[in-house]
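One structure is given here, and the rest of the page talks about it.
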Amino acid sequence: MNLQIRQAVLSDIEWLVRLDPLAAEESGRRSYIEKAVAQCECLVACERTEPDVPIGYGCLEKCFFGEWFIPLVVVSSVHRRSGVATQIITHLEHGASAKKIFTSTNLSNVAMQQLLVRIGYESSGTIENLDPGDPELIFVKFFDS
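First residue of the sequence shown: -16, per the working numbering; consecutive thereafter.
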């Protein structure tokens, strides 16, 4: 897929909310998206033929015990498993320019776990009690200096 990855802008917010199933249910998710865009912590993926229409997004922040962390990667349901998430994560990694970067996903999200392992992330622990009955799995990727 021929993608363009770019910094999210305020006019992208409505598209990002539409892409993200949780944003419709949780007002906190919309607020998070707005904050990430305003603070330049969000990248969007668009098809080159439609550069103003995001099909996925990812966020990067330095908030995980002072380490870089990818808290969200969301891809539209019709574009999943086509390499969009991989490209978003790769761009976020380059933006961090760090020795290591963390991310997480729920135990129930097997597709994301498989993606992370495929692109070089390794298990780094588990956090219980964030989502009842669905532990959060922490992953880390180390980079050469």
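All C-beta atoms in this analysis are idealised placements derived from N, C-alpha and C, irrespective of residue type, glycine included.
Residue ranges of each alpha helix (DSSP H) run of no fewer than 4 residues wholly in the region 79 to 110, ordered along the chain? Correct list: 93 to 101.
With DSSP as the reference, label Arg12 as helix, strand or coil. Residue state, collapsed to three classes: helix.
Confirm, please, whether the CB-CB distance from His74 to Leu26 is below 9 Å. Going by C-beta atoms, Leu26 is nearer than 9 Å to His74.
With 16 other CB atoms within 10 Å as the buried threshold, where does Cys42 fall? Its Cβ being crowded by 16 or more others within 10 Å, Cys42 is buried.
Would Ile58 pass as a contact of Gly39 if the rule is Cβ separation under 9 Å? The amino acid at residue 58 is misidentified as Ile; the sequence shows Val. A Cβ-Cβ contact shorter than 9 Å links Val58 with Gly39.
Separation of Gly116 from Gln70, as counted between CA atoms: Rounded to the nearest angstrom, the two C-alpha atoms are 30 Å apart.
Look at the alpha carbon of Met95 and the alpha carbon of Leu(-1), and state the distance between them as a whole number of angstroms. Rounded to whole angstroms, Met95 to Leu(-1) spans 19 Å at the Cα level.
Of the residues Lys82, Pro118, Asn112 and Glu119, the one placed nearest Phe125, counting alpha carbons only: Cα-wise, what sits closest to Phe125 is Lys82.
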